[in-house]
Amino acid sequence: MLYEICKYCHLKSAAAETLDSDELKKLERSCFQTQFAKGDLIFKQDALSANVIFIREGLVKIHIKGPEREQIIKINKGPTFLGIPTTFGDIINHYSATAITTVDVCFISNETFQQFIYSNGKFAYEILHDLCKCQLHTYNYCINHLQKQGPGRLADALLYLANEIFNDNNFLLPMTRHELGDLACCSRESVSRLLNEFKKDNIIQLEGKKITILNKELLSQISKRG
DNA sequence: GCATTAACCACAG
DNA sequence: CTGTGGTTAATGC
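First residue of the first sequence? That's 116 in the working numbering, and the numbers climb one at a time after it.
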């Protein structure tokens, strides 16, 4: 495994950018880098939470097993921290994280992470910033799921992928229809039908897992209307 | 009641 | 894994 010294790492988080060279040395000593393949479980709901995890590169889905079905809460794209709420909120993970592409991660010990937050205000600010954005996403997600119908929820999921994850109207769906259903909160059958309807109405172009949003205006309207 | 919506089931490709 | 068709249950005119 390629070992990269934190100081020269080009995939640092905004928070790690605020560390001075002494702190970076400390980070190096408590940081372990590794790689996960697509489909690998990174950490598991209800298991003991041990580390802060930093995704250097790749996509990770955050999901929770509900009483009825699996729920995908969000997709995380590196470079970003992963699982801070579950690491500091409780000693048990409240959700699972699974790699949906090849993912490069660093495990950072809780103690080191905590020390930086105590001693470095800028570091703490960047972490707080991340957490707030995550919180806003969650509020939006709540409204989306509680008050919208199928088409609105799926439109929202597609816009989320295009705007937040890929920054492109044209992308390769990194998951199955079933998983997209878990994200948009509807059955896989509904996902199939709705995608085909969107295609029929020339809102999206669809070839297997390749999706191109043709009419973003209309898709946004469907998302807003519910 | 009737229409709409969406989940569930079953059966192909 | 995905698409399709029939069935069913809930909800709102």
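Think of the CB as a built atom: it goes at the ideal place given N, C-alpha and C, for glycine as much as any other residue. Every value quoted in this text rests on a predicted model; they were computed, and no experiment measured them.
**Request:** In the DSSP assignment, find the unbroken beta strand (DSSP E) run with residue 171 in it and report its ends.
**Result:** 166 to 172
**Asked** From which residue to which residue does the beta strand (DSSP E) around residue 214 run?
**Response** 211 to 214
**Asked** Where does residue 301 land, buried or exposed, given buried means 16+ other C-beta within 10 angstroms?
**Response** buried
**Request:** Check whether the Cβ atoms of residue 154 and residue 217 lie closer than 8 Å to each other.
**Result:** For the 8 Å CB-CB criterion, residue 154 and residue 217 do not form a contact.
**Message:** In this structure, how does DSSP classify residue 159 when only helix, strand and coil are distinguished?
**Reply:** coil
**Message:** Going by the DSSP bridge assignment, what does residue 224 pair with across the sheet?
**Reply:** 166
**Asked** Based on the DSSP output, what are the partners of residue 148 in its beta bridges?
**Response** DSSP, once it has assigned bridges, lists 221 as partnering residue 148.
**Message:** Would you call the segment 176 to 191 in contact with the segment 118 to 136, where contact means no fewer than 3 C-beta pairs closer than 8 Å?
**Reply:** no
**Asked** Can you tell me whether residue 324 is buried or exposed, with buried defined as 16 or more other CB within 10 angstroms of its CB?
**Response** exposed
**Message:** Is it the case that the segment 222 to 238 contacts the segment 119 to 138, given that we only count it when at least three CB pairs across the two stretches are under 8 Å?
**Reply:** yes
**Asked** Apart from the five residues on each side of it in sequence, which residues of its chain come closer than 6 Å, Cβ to Cβ, to residue 147?
**Response** 222
**Request:** Indicate whether residue 271 and residue 184 have their beta-carbon atoms separated by less than 8 Å.
**Result:** When the beta-carbon positions are compared, residue 271 and residue 184 stay at least 8 Å from each other.
**Asked** Roughly how many angstroms separate the alpha carbons of residue 196 and residue 141, rounded to a whole number?
**Response** 18 Å
**Message:** So, with DSSP's three-state summary, where would you put residue 116?
**Reply:** Its pLDDT being 42, under 50, residue 116 is placed unreliably by the model, and the measurement read from it follows with that caveat. In this structure, residue 116 counts as coil in the three-state DSSP scheme.
**Contact set for residue 333: own chain, Cβ-Cβ below 8 Å, skip 5 residues either direction** = 316, 318
**Item:** Proximity to residue 181 [Cα-Cα], best of 173, 267, 210, 312
**Value:** 210
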